[in-house]
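To keep things clear, I will list the structure first and then write my remarks on it.
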């Protein structure tokens, strides 16, 4: 998807971006933007707007519907193009690289800037809009909410958390943010799910993850979705990533979500490395984090019978 958009960028003219920005503005008010309103939103003449609509539609940057009225909306490719255009103008991104990972709620690509970085496009709300809109707090109080808004708010929330946490907590260093996209440091190693830890490393790596969760709590955040798929492992330690669903520690459910995170990570290590894991109560570990007293799971392990 983004690879194709990166190639298309060279073909686009300034007025094409005016058209895309106009459709984006119109989508603040309705899911489909009436074609009659697009010239005003885009600052283009009717004739020029019609020409730009055809150009952008041919490149799959906008889509059309004709039921009730002729209307247009951005595709994610169109939204990607707007974000990439802004990053290029800021000189944050100077070149696109290969895919680093494609998931249900985000796509991540390598990009060139002063050194290789990661560009994350949030996709929340595009294919599972109703589910995300119901679950995520940043969309729950809006009457008209588009996938565009949902993805943008997810990126804003994640970027804000990264700015607050870095460098006290081992998270990707945030570089820039626009719309639904974030530029940040690349992960230093594989996801925990793909890592093969030696027996003597298991408890030490688990302790590193829990200490970062403790540091995040001290900094005011609970991740709220910790798993083996959002922890990266390298020789330098661990990095916790994917923070759009995080909550601040004064949230009414923060302690419950912290317990869930602790339970998730303990359960994963228990399943994958049963022989190396001590018996430990997730509530005891959670309480240690809440009290600022966590040091190691071994210190909190239940006595052997």
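In full-length UniProt numbering, the protein residues as written are 1 to 305. Where is the CB? At the ideal position from N, CA and C, for every residue including glycine.
The alpha helix (DSSP H) with residue i in it runs from where to where?
i, result
"residue 96", "Premise fails: residue 96 lies in the beta strand (DSSP E), 95 to 102, not in any alpha helix (DSSP H)."
"residue 209", "202 to 218"
"residue 306", "The chain is shown from 1 up to 305; residue 306 falls before or after that span and cannot be answered."
"residue 120", "No alpha helix (DSSP H) contains residue 120, which is instead part of the beta strand (DSSP E) from 117 to 122."
"residue 338", "With the chain covering only 1 through 305, there is no way to say anything about residue 338."
Can you tell me which of the options puts its alpha carbon nearest to the alpha carbon of residue i?
i, options, result
"residue 216", "197, 255, 201", "255"
"residue 285", "302, 276, 271, 15", "302"
"residue 293", "239, 213, 187, 81", "213"
"residue 203", "295, 246, 109", "295"
"residue 235", "52, 189, 84", "189"
"residue 29", "39, 149, 266", "149"
"residue 23", "146, 231, 174", "146"
"residue 20", "172, 241, 264, 57", "57"
"residue 291", "240, 242, 211", "211"
"residue 220", "267, 253, 164, 240", "164"
Considering only their Cβ atoms, is the gap separating residue j from residue i smaller than 8 Å?
i, j, result
"residue 112", "residue 95", "yes"
"residue 191", "residue 158", "no"
"residue 169", "residue 176", "no"
"residue 186", "residue 105", "no"
"residue 179", "residue 83", "yes"
"residue 59", "residue 8", "yes"
"residue 246", "residue 161", "yes"
CB-CB under 8 Å to residue i, same chain, minus the five flanking residues each way: which ones, in chain order?
i, result
"residue 37", "26"
"residue 251", "222, 257"
"residue 261", "213, 222, 223, 224, 225, 226"
"residue 197", "205, 233, 273"
"residue 18", "42, 43, 44, 52"
"residue 116", "97, 110, 186"
"residue 118", "100, 108, 109, 110, 111, 172, 183, 184, 185, 186, 187"
Near residue i, what residues of its chain come up, given a Cβ to Cβ distance below 7 Å and the 5 sequence neighbours on each side ignored?
i, result
"residue 283", "259"
"residue 71", "32, 33, 34, 35, 65"
"residue 90", "176"
"residue 298", "203, 278"
Leaving aside the five residues before and after residue i along the sequence, list all residues of the same chain whose C-beta is less than 6 Å from its C-beta, in chain order.
i, result
"residue 244", "154, 157, 158"
"residue 120", "106, 108, 182"
"residue 209", "231, 238, 265"
Could you please give the first and the last residue of the uninterrupted beta strand (DSSP E) stretch that includes residue i?
i, result
"residue 62", "62 to 65"
"residue 73", "71 to 74"
In terms of DSSP beta bridges, what is residue i paired with?
i, result
"residue 112", "95"
"residue 89", "None, per the DSSP bridge assignment."
"residue 182", "120, 177"
"residue 221", "248"
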